[in-house]
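The numbering used here applies: residue 554 is where the sequence shown begins, and numbers increase by one. Here the structure is laid out as structure tokens; the discussion comes afterwards.
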Amino acid sequence: MKLEIPKDWFEKRLNTDEGEVGAGVPPKFNQGRELKFRVWYPKENKFYYTKVEDTYFHLGKDAWNEPYVIQQCTTCHDKDNKDIYEGDIISYSHNGNSRNGRVTFYAGIFFVDWYDQSDDELGYMTTLNIKLIGNIFETPELFK
């Protein structure tokens, strides 16, 4: 059995509450970037990865009755050129100091929520200082 991501999910995801960003534009042409997603399927304790053009995931015969979480790629990379997705936990080093944060998506922007309850916009951070160290499902203990 295949689980299909609802087509309107992409449209809702690309349009913000602020207005016209992405409105009426097919997702693959949105701001000229490739949109990638991953799905966390707790029953199998694993991620499935896809692009907007590939909206099917094979999750097993009981997938319709099971919870799953869809997360979007930020289009940012860490210092090792690994894709950073919402839900990832990163380590950020600057001037000899390091701290861990969780990548979130809010109002059309990817943020890093820090353990001390402050946040920073991911797009303004220097990628040479970012190291992908885990995610909220497989390594939640790293968000400290």
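Every residue gets a Cβ at the ideal spot worked out from N, C-alpha and C, and that includes glycine.
Asked	Found
Report the partner residues of GLN624 according to the DSSP bridge assignment.	ARG591
Of the choices ASN648, THR692 and TRP667, whose alpha-carbon is the least far from that of ASN682?	ASN648
Given PRO693, which residues of its chain have a CB within under 6 angstroms of its CB, disregarding the five upstream and five downstream residues?	none
In the DSSP assignment, find the unbroken beta strand (DSSP E) run with PHE696 in it and report its ends.	Element bounds for PHE696: n/a, residue is neither H nor E.
Taking the Cβ atom as the reference point for each residue, do ILE623 and LEU685 lie within a distance shorter than 8 angstroms?	no
What did DSSP end up calling THR680 once you bin it into helix, strand or coil?	helix
Using the beta-carbon count (16 or more within 10 Å), is ASP669 buried or exposed?	exposed
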